[in-house]
Each structure stands twice: as C-alpha cells, then as structure tokens.
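Right, one structure below, let's go through it.
Protein chains: 2
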Amino acid sequence: MAVYTDVSDEELEAFISSYDIGTLTSFKGIAEGVENSNYLVHTDQRPYILTLYEKRVRPEDLPYFLGLMEHLAARGISCPLPVRDREGRALRELAGRPAALISFLDGLSVRRPAIEHCAGLGQALARFHLAGQDFPMSRENDLSLPGWRALYNDVSASADTVIPGLKCEIARELSHLEKHWLDDLPRGVIHADIFPDNVFFLADKFSGLIDFYFACNDMLAFDVAVCLNAWCFEADGSFNITKARAMLQAYEQERKLTETELASLPLLARGAALRFLLTRTYDLLNTDANALVKTKDPNEYLRKLRFHQRVTSYRDYGLGNH
Amino acid sequence: MAVYTDVSDEELEAFISSYDIGTLTSFKGIAEGVENSNYLVHTDQRPYILTLYEKRVRPEDLPYFLGLMEHLAARGISCPLPVRDREGRALRELAGRPAALISFLDGLSVRRPAIEHCAGLGQALARFHLAGQDFPMSRENDLSLPGWRALYNDVSASADTVIPGLKCEIARELSHLEKHWLDDLPRGVIHADIFPDNVFFLADKFSGLIDFYFACNDMLAFDVAVCLNAWCFEADGSFNITKARAMLQAYEQERKLTETELASLPLLARGAALRFLLTRTYDLLNTDANALVKTKDPNEYLRKLRFHQRVTSYRDYGLGNH
C-alpha cells in the first residue's frame, strides 16, 4: 500500500487539463501497489488511474511497459490502456516523477482463488502469451538466473537472521539451478508477477490483468511456474493439485505446452520460488521500519521451493500424460 | 493513509449484496484517513465509500456520526450520506468491525488553500453550524479541556524527547486555559477536525465536507478557532491575516459571531492549537515505528500556539470593529 509522492494542486490541475478526458471531480490515493504511487482520478466522464513511477522502476523501461499495454489492448487482452495527452504522449512527468494516466479497469482481485479462478487465469495467461508474440520491443528479465546470484550476494551475510540456515539452503539451490537451468524453451513476453492481486474477475470470470511493471522477454513457461506458486498453494502451505490441473488444462486449451516445457516445469517452479524467496528476503532486510509498506513473508516461498524440490514430474502438478 | 482490516471475498460479496446498489465492479483500498479503513466501492451504478471503523472510534458513537450526516444532508449540507441496506440499517458489521457504506462525494481537497478556499470554507462552516442546531442527538467533546489534561498526563514524562522544553510549555498553557476557559458561548454541533483534507472543492468552490468522526457538541466558535489554525497559516509558519479575514467575514455572512465569541477567539485559538499539539505529541510517542501511518509534526502546532499567545484581540485575525 503506498502513496510515496505528493502532488500539488497546481501540478495536478495542469497535468489533467493536458488530456482530453473531461473535468477532474475527484483524486484519491490508492492503498495498492508496492512499487509506485497510484491515484484514482475521477472526471465528469469516467475514472482513471494515475501512476507515478518511483525509484524502483527504471525510466528507460517505461516505453516497454506502456507500449506492451497498448499492444495487448489492441489484441483484445483486457488490460489498462495508457491514455495519450493532446500531444499524443503516454509517458509524462508529474511532481518530478515519470507518470502515466491509464484507463480504469473494472474487476476485483480475489484473495483466495477458487478452482474456477485458477482456470480463468490459465486461459488468460495463454492468451496473453500468444498476444505478446508479435510485440516488437524487448526487455531482459533482470530477475532471472544472473539476477538471483546478485541478490544472493546481497543477502547472504544476513540471510540467517531472517530464517536460520537460509543462506546455505539458497546457495545449494542456486548451484543446482545454475547447473541445470535452460534457455531453449519457447520465449516471448512474460508478465513475471501474476499474483492474485494483479488479476481481476467479475462474477468469477476473468476480467483483466494489471501491473505490467515486471514484464520482460523470457521463457513463457517461467510465467506458468510463477502462477503455479502464486495460485495453487493454500494458506496452510499445502499444494492444491486440483487448482494446478485446472490452471494448466485451461492454459493448454489456448496454447499447448511442449514436451520440453512440461519436463522443465518442476525446475522452473523451483526457480520461480527462489526468485520470490530472494526478493522477499532482500526486502525484509532492506526495508526501513518506518516504511509504509508491509513486507511479505519469505518463509512462504521457502516452503514452496522445498515442495518443488521433491517433485519429479509435471504429473505431480495434475497433468496426465500428453 | 491506511487500510487496517482485510475483507475476504465472501464477506464482501455478502455485504454488498444486502444493499440495493447494483453489482460490485471494483473495490480498492484508499490511502486516506488515519482512523479507519476506507475502501472505494464501484458498482455498475455509482461509486461509494465503505468505511470500517477501527479501534479509535467508539462503536457507541457511530449512531451520532451517521445520524448527523443524514441530518445535515437532509438540510442541504453537502456531505456523505450513509446508505441504508434492504433492512434499513446504516450501521453494519463487516470483517468483525462496525462498518458503513456512504455515498461518494465529488470534489478535491486542496493542499494549500488560497484565499477563495478560506472564504468558501468560512461560509460552509457557518451553514453547517446552523444546520446542526436542531440535531437531536448529543455527544460530548472528549478532546476539550478535561481531555487535554488527561493527554498531558499521558505525554508529560516523554514530551521533552519530542521537543526540548515541551513539557513545561504545555503545563503553563494548560494552567492558563484551565483558569480562563469559558463555557457560556453559543453551543451546537461542531465538526472539530476541519482540516483541508476534510473539505472538498470543485473549480475552487466549496463542494462538500467529510469525516465527521470527531463531531460533537461544543462551543461553535471552537470550530472557528480550529479552522483558523488549520487554514490560515502558511507552510513557513506565518499567519496569513488575509485568509483569516476572508474566512471570518464569509462565516459572518451566514452567522454573526457574538461579541463574546469574538473576544474569546484568541483564547479559543490557543486551546485549539494545544489540542492538536497534544494529540500529535501523543501520536508521535505512541505510534509503532512499523505503523502504516505518517505521524504529523507537533512543532507546527507549538508555533501556532505561540502565535496566539501573543494575540491580544480578534482584530489581529483580520476582522474590523463590529
């Protein structure tokens, strides 16, 4: 939850009046989004979201993120659409920050996804992957294997203060992944952060995908692995194979996973678990106690990592033989 | 900024469906309000605010607050109106908290009020005071003189860690106020917390008043004194007599201040400054460093208190002789 940057009355007024969106009638900070400041903007026509990009987002990446949303929306993927000002600019500046006004997307994120939500997500994820295939821009995933090593170097000295034995456990896993990681799977644009709070539903049907600020080009199946972790475990740490099956089957209705992708899924799921274990550990160690952000529990992802370490086949995720 | 209470999907759905307000299309936490959790609720018809009352609000006071909003709205004061569910209840429960759904009020709060905003506020304040005259319920101001003594007792041991010499300075002021405080001024319902973030404007015209959760029965001129402090000082600590004059003159267009009220204004302004100096000091000393709330600076109100200590007549606030 976060509003990091205050916007003065005059700046806001000048900013909004440069768009053809009607008269401003309301402006409220939203307690969502960990990376950026988000405001809900109402005009006499409709609501919008105003995002001010804070330091964790690199300004040079913004054309990729905003261009991707435009690309996807043009291909029928329900996602926020950047609004262009009277001069045709989607990326602007406000209060000394890069800023963008984007369309407001109806929908509610679910806190505890049910089977039908996992299925809806699986279908949407595959459609997103297909729609991204002809996106012309490219951005490296800086939270893939080399990034994990760098994060490990940052946290290793203090990791055991977070969870006893964590340093060794991460080091061992990282060595394993560095030995076996692959790079020959089908690639494309991945979202890389599809947690339930980034997916909207209306009457339990998928209604939209938001927050593309980790999107990048990488193996498509890595996105599937991130979703397995974020959607198919219960609050008590148990893996719900029924949810995983629903998600993967719905995905495959739209885009068939290759045999190599399927065979790699346990390894990718370990990598995806390690990625969030590392960033959560890093955030816990580096978040000022006064920060307005709730840090997330690294333990949750350590348990998920251990689960995937014991998995021997994609069949353990609920899929039958292909 | 705050969302303290998480609402589960099922609870929210059941809650909203008990109102005749259409189908839920969006639900977002708002980064506003220090006391309660606030959510912006969109339905296919219109937006609403859902407030969950947290521990600082006494449940037994809620009928007063909600009843007051209904009373004022019926008398043409622009303020949020509690929505009644199908059984006619305005006060409900959600996620184990008292909760109310209220209408969404268009408008923007100004961060740095201009003269015209101060005038708009002055007029609105007087109309609010007049509209409250026949409100049948009553609630004591627990942040008046006896409450300040209690707060002083709570903070005195640590006050000097906040500002050196603060304990003595508060003690001296409190003695002075206890000796000279009065109780024979015109009384009625006061808002008691009219800071710029609780007042909305549209195109620089007053459009509404929100956040009645400190409202109580007390001397009307005390509300005027709170506004003098909250609206008529500049960021550099200087008093802007032009803004004060604009506010007071606009107030008097609607409700003439009595000679006794005018004569008491410097004393009331001291009391109002002490009240916020005390609560800010208390909050600073009692807010967990992990809290998701930005504490406000007590120094600002110490400077305002010192300003009013040097004032000898209401004429120093910009009003001429009556």
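As you go down the protein sequences, you meet chains C and F in turn. When we follow this note's numbering, the leftmost residue of the first sequence carries the number 1, and every step to the right adds one. When we follow this note's numbering, the leftmost residue of the second sequence carries the number 323, and every step to the right adds one. Backbone N, C-alpha and C define an ideal beta-carbon position, used for all residues, glycine too.
For residue 541 (chain F), the enclosing beta strand (DSSP E) starts and ends at 538-541.
The stretch 213-222 of chain C and the stretch 182-192 of chain C touch, with three or more beta-carbon pairs separated by less than 8 Å. For secondary structure counted as the beta strand (DSSP E) over 3 or more consecutive residues, the stretch 10-96 of chain C holds these complete runs in sequence order: 24-29, 37-43, 47-52 and 92-94. For residue 512 (chain F), the uninterrupted beta strand (DSSP E) run begins and ends at 509-512, by DSSP. Looking from the CA of residue 450 (chain F), the closest CA among F:391, F:414 and F:493 belongs to F:391.
Taking 8 Å as the upper bound for CB-CB distance, residue 278 (chain C) and residue 295 (chain C) are not in contact here, some 14 Å apart. Shown in chain order are the members of the stretch 19-31 of chain C whose Cβ falls below 9 Å from a Cβ of chain F: 23, 24, 25, 26, 27, 28, 29, 30 and 31. Beta-bridge partners of residue 429 (chain F) (DSSP): C:26. When secondary structure is reduced to three states using DSSP, residue 457 (chain F) falls in the coil class, being assigned neither helix nor strand.
The bridge partners DSSP lists for residue 527 (chain F) are F:524. Around the beta-carbon of residue 459 (chain F), fewer than 16 other beta-carbon atoms lie within 10 Å, marking it exposed.
Ranked by Cα distance from residue 166 (chain C), the first of C:207, C:298, C:71 and C:93 is C:298. Residue environment for residue 78 (chain C): buried (at least 16 other C-beta atoms within 10 angstroms of its C-beta). Only 428, 429, 430, 432, 433 and 434 from the stretch 424-456 of chain F bring a Cβ to less than 7 Å from some Cβ of chain C.
Under a 10 Å Cβ-count criterion, residue 280 (chain C) is classified as buried, with 16 or more other Cβ atoms of the shown protein chains found around its own Cβ. When only Cα atoms are considered, residue 555 (chain F) and residue 434 (chain F) end up about 10 Å apart. Under the 7 Å criterion on CB atoms, residue 330 (chain F) is classed as interfacial with respect to chain C.
With fewer than 16 other Cβ atoms inside 10 Å of its own Cβ, residue 256 (chain C) counts as exposed. Taking C-beta atoms as the reference points, residue 443 (chain F) and residue 379 (chain F) fail to come closer than 7 Å. The beta-bridge partner set that DSSP reports for residue 140 (chain C) consists of C:217. Collapsing the DSSP output to three states places residue 532 (chain F) in coil. For the pair of segments examined, the stretch 167-186 of chain C was found not to touch the stretch 84-104 of chain C: the number of CB pairs separated by less than 8 Å stays below three.
Taking the Cα of residue 211 (chain C) as reference, the smallest distance to any Cα among C:32, C:90 and C:185 is reached at C:32. The Cβ-Cβ distance between residue 24 (chain C) and residue 30 (chain C) does not fall below 7 Å. Positions of the alpha helix (DSSP H) runs, each at least 4 residues long and wholly inside the stretch 549-585 of chain F, are given as 563-576 in order along the chain. Distance from the CA atom of residue 373 (chain F) to the CA atom of residue 530 (chain F), rounded to whole angstroms, is 18 Å. No Cβ-Cβ contact shorter than 7 Å links residue 461 (chain F) with residue 375 (chain F).
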